[in-house]
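**Q** With the working numbering applied, the sequence shown closes on residue 634, and no number is skipped along the way.
Let me give you the structure first, and then I'll get to my questions.
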Amino acid sequence: MKTRTRIACWNVRTLSEDSRLAQAEAEMLRYNLQILGLSEVRRNGFGELRTFRGLTLLYSGKEDEEDTRECGVGFLLSDVAKRGLLDWKPISDRIITARFYTKARKISVVQCYAPTNSASEELKDDFYSALNTTLRNIRKQDIVIVMGDLNAKIGTGNAGYERHMGKQGLGVRNENGERFLEFCQNNDLTIGGTLFIHRDHHKYTWNSPDGDTKNQIDHLAISSKWRTSLLDVRNRRGADIDSDHHLVVAEVRLKVSASRASIDTARTSRRFDVSKLMNSDIKDTFKMELRNRFSVLDTNSTTVDEEWNRIKMVYTETSSVVLGHKTHTREEWMSQETWDLIGQRRELHLNLTASSDEIVQEDLRQQYRQMRKRIYRSTRRDRRVWADGIADGAQRAADSGNLKEMYKATKALSGRRGYPDRFEYNLKYNQLSNQSRILRCHPLYKESSPNLTNAVNNLTEIKEESESGSSTITQAAPKCSTSIPPVRVKRKLSQRAAFVKRLKVAQSDVSRTDEETDYDLFGKSVSSQLKKLSEEQAAIAQESIQSILTQCKLADIRARKPNSDFLFQTPQFTQSMQHVCTQYQSSYQPLKCSPPESSPSGDASFALGFQNTSSDVPDSYKNDNPDEST
5 MKTRTRIACW NVRTLSEDSR LAQAEAEMLR YNLQILGLSE VRRNGFGELR
55 TFRGLTLLYS GKEDEEDTRE CGVGFLLSDV AKRGLLDWKP ISDRIITARF
105 YTKARKISVV QCYAPTNSAS EELKDDFYSA LNTTLRNIRK QDIVIVMGDL
155 NAKIGTGNAG YERHMGKQGL GVRNENGERF LEFCQNNDLT IGGTLFIHRD
205 HHKYTWNSPD GDTKNQIDHL AISSKWRTSL LDVRNRRGAD IDSDHHLVVA
255 EVRLKVSASR ASIDTARTSR RFDVSKLMNS DIKDTFKMEL RNRFSVLDTN
305 STTVDEEWNR IKMVYTETSS VVLGHKTHTR EEWMSQETWD LIGQRRELHL
355 NLTASSDEIV QEDLRQQYRQ MRKRIYRSTR RDRRVWADGI ADGAQRAADS
405 GNLKEMYKAT KALSGRRGYP DRFEYNLKYN QLSNQSRILR CHPLYKESSP
455 NLTNAVNNLT EIKEESESGS STITQAAPKC STSIPPVRVK RKLSQRAAFV
505 KRLKVAQSDV SRTDEETDYD LFGKSVSSQL KKLSEEQAAI AQESIQSILT
555 QCKLADIRAR KPNSDFLFQT PQFTQSMQHV CTQYQSSYQP LKCSPPESSP
605 SGDASFALGF QNTSSDVPDS YKNDNPDEST
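In structure tokens, the structure reads:
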């Protein structure tokens, strides 16, 4: 395999400002990197965002968004690496992992930011304990790469560690170096920076602020049995982002490529540029092309699915030919003047690293500090000008009634960065990459999922005091499956029926006395039952029904009937609940959705669709089989 992939790590000091992120992606493109591991990102929380130049940033920081911005790790991915990304996990504010697809083996990359050598022993122990746990959770078949700012000097001697390091190290080994070597030995990793012969100024990765001290503390280690795939590791002193660390670049004889799933997703997620239909000429061309394709369409379809696939193919092919796909481009907000200043700072950085005269170095450091201030002021000015332009555009869109453009401008100004769209995480950063695990385990899903069991319990265990005595009617509540997916119930009957299909009601025993034979909570209409209850009991029943409606996402139906006493006085809810309740009484099989077009009674006496045994109800609604009642 002749392809070389460049993977790098860099302590950037901070990426909390968008201007720093823009500089990092500029250096990444300049050095043709596919994966760039970042230390000291200093962004709290975790997330995934797309940069102005089309790169993807994955970051993991402190859990509390309002906490001080310290530490933080992340990845900056090229478009190729993003399409090859299988999953990623934000472990903590010091560890993040990502898994990529290659034709040889899958690669698991771990980006770290270790505590300094002067940190407490407890902090170091916690870090390496979490790091060991992370590697144990990686699949054994994967190629493992651990990289980042380890704050570890490993020295030049490799006695006892011949398999895990070479003789091309730098400096004198310290305590963190011993810890890192022990970690590599336990996990069978080889430190790449010690394998290749380079000059010393291509080995050290950190400079002290005064320029007197230089150390090799940023490392990249790979699985020992894949060490021959590592072709080179060295620093790149030409990369500048106003950091005291150098960019460390490794060349690997592997090719990160897009997985089949990402290719299929990219094909299906591309949107057609429907804005072109605003042009009358393009609109006429689209209509003519569509008409011509439909004229030759074979309508002799055996099934509805085949007919739909043919129609869908006509629309997609016509849209692809006439409209094309949208191109996602973001406006560059940094001015050319600012980029020129960044280029001048890079030249000062190169001169500073190449100079050996102390007087010249001090003069260059002073110029570098002045240039840093100028760049800071220039980026703030550019950001302010860009924001003012977006705000003016939003105001014009609002004045003209263009809500779409106004929303886009508001979104651009707010800079809201949500959770990753590919995966869901719980509050402890445990990844739930499997869809079924997401539905079962996500705490937000658990809090917002419909809890019908409790609501039905409240409804079915209402105590009724009859005129002759204080008999109590208690009906066992149906148990809803815990694996019901949170289907979004919309107003369309077909989509609500899809939700009803997923409700599987377990068979329950109905316990009642002989005197209660003629009375069944699920046999009489709800409104008549409410009339027999006391005010307090009726309020409990209404609250239970309200809970069912709200948690089933049907509360918005009330907007259609603001004068209704109960939310269930709508044909939409009637048609859905009719079969839930009827099926509960009969066969307990998965529901067949063929609801009646409307309720047989216009009042609330048949609102919930409960099967009524009274004589004034049509015979079709007394049938045990819900399919035969339509």
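Each residue gets a CB set at the ideal place from its N, CA and C atoms; glycine is no exception.
Find the nearest neighbour of N641 within the set L354, M32 and D222, judged by alpha-carbon distance.
**A** Residue coverage of the chain in this structure runs from 5 to 634, which leaves residue 641 outside it and unanswerable.
**Q** Please classify E341 as buried or exposed, where buried requires at least 16 neighbouring CB atoms within 10 angstroms.
**A** E341 comes out exposed.
**Q** Closer than 8 Å by C-beta to S324: which residues in its own chain qualify, once you throw out the five before and the five after it? Chain order, please.
**A** Around S324: F276.
**Q** Between the Cα of A391 and those of H329, A416 and R57, spot the shortest distance and give me the residue it belongs to.
**A** Of H329, A416 and R57, the residue nearest in Cα terms is A416.
**Q** What's the call for Y411, buried or exposed, on a 16-neighbour Cβ count within 10 Å?
**A** That one is exposed.
**Q** How many Å lie between T414 and Q220 at the Cα?
**A** C-alpha separation (whole angstroms): 45 Å.
**Q** Classify V308 as helix, strand or coil using the three-state DSSP reduction.
**A** Of the three classes helix, strand and coil, the one that applies to V308 here is helix, per DSSP.
**Q** What's the C-alpha gap between N162 and I111?
**A** Each residue's alpha carbon lies about 27 Å from the other.
**Q** Within its chain, find whatever has a CB closer than 8 Å to the CB of M3; leave out the 5 residues flanking it on each side and keep chain order.
**A** This structure cannot settle anything about residue 3, because the visible part of the chain is limited to 5 through 634.
**Q** Grab me the residues of T7's own chain with a C-beta within less than 8 Å of its C-beta, minus the 5 sequence neighbours each way, in chain order.
**A** Excluding residues within five positions, the ones whose Cβ falls inside 8 Å are R257, L258 and K259.
**Q** Which of the three DSSP states is assigned to S64 in this structure?
**A** S64: strand per DSSP, three-state reduction.
**Q** Do you know offhand how far L139's Cα is from Q145's?
**A** Computed Cα separation, rounded: 12 Å.
**Q** What residue does the beta strand (DSSP E) around S43 start on, and which one ends it?
**A** Taken as a continuous stretch (DSSP letters only), the beta strand (DSSP E) holding S43 covers I39 to S43.
**Q** Compute the Euclidean distance between the alpha carbons of C75 and Q115, then round it to the nearest angstrom.
**A** Using only the alpha carbons, I get a separation of about 12 Å.
**Q** Assign N15 to one of three DSSP states: helix, strand, or coil.
**A** Correct three-state label for N15: strand.
**Q** Grab the span of the beta strand (DSSP E) containing N190 for me, first residue to last.
**A** N190 -> not in any beta strand (DSSP E); alpha helix (DSSP H) instead, spanning E179 to N191.
**Q** Where does R24 sit, in a helix, a strand or coil, going by DSSP?
**A** Three-state result, R24: helix.
**Q** Alpha carbons only, please: which of I394, L42 and S261 is nearest the one belonging to K107?
**A** Closest option to K107, Cα to Cα, is S261.
**Q** Expressed to the nearest angstrom, what Euclidean distance is found between the alpha-carbon atoms of F187 and A118?
**A** Near 13 Å, if we compare the C-alpha coordinates of A118 and F187.
**Q** If I follow the unbroken beta strand (DSSP E) through S227, where does it start and stop?
**A** Start and end: D222 to S227.
**Q** Could you pull the start and end residues of the alpha helix (DSSP H) that G347 belongs to?
**A** Note, G347: alpha helix (DSSP H), Q340 to A358.
**Q** Tell me where the beta strand (DSSP E) around L251 begins and ends.
**A** Unbroken beta strand (DSSP E) run through L251: L251 to V256.
**Q** Which first and last residues belong to the beta strand (DSSP E) in which E52 is found?
**A** First-last of the beta strand (DSSP E) with E52: F50 to R54.
**Q** Rounded to a whole number of angstroms, what is the C-alpha to C-alpha distance between N136 and I142?
**A** Spanning the two alpha carbons is a distance of roughly 10 Å.
**Q** Can you give the Cα-Cα distance for S382 and E336, rounded to whole angstroms?
**A** Going by the C-alpha atoms only, they are around 14 Å apart.
**Q** Apart from the five residues on each side of it in sequence, which residues of its chain come closer than 7 Å, Cβ to Cβ, to G58?
**A** These residues qualify, in order along the chain: D83.
**Q** Starting from the N-terminal side, write out each stretch of the alpha helix (DSSP H) that is 4 residues or longer and does not extend beyond the stretch 73–99.
**A** With a minimum length of 4 residues, the continuous alpha helix (DSSP H) runs that stay inside the stretch 73–99 are 83–88.
**Q** Short check: CB of T60 to CB of L81, under 8 Å?
**A** Going by C-beta atoms, T60 is nearer than 8 Å to L81.
**Q** Can you give the Cα-Cα distance for A26 and R203, rounded to whole angstroms?
**A** Going by the C-alpha atoms only, they are around 31 Å apart.
**Q** Is the stretch 88–96 touching the stretch 17–35, taking contact as three or more C-beta pairs under 8 Å?
**A** Counting Cβ pairs under 8 Å, fewer than three are found: no touch.
**Q** According to DSSP, simplified to helix, strand and coil, what is W230?
**A** Reduced to three states, the DSSP call for W230 is helix.
**Q** Report the option in N155, T9 and A134 whose CA atom is closest to the CA atom of F104.
**A** Looking at the Cα atoms, T9 is the closest of the given residues.
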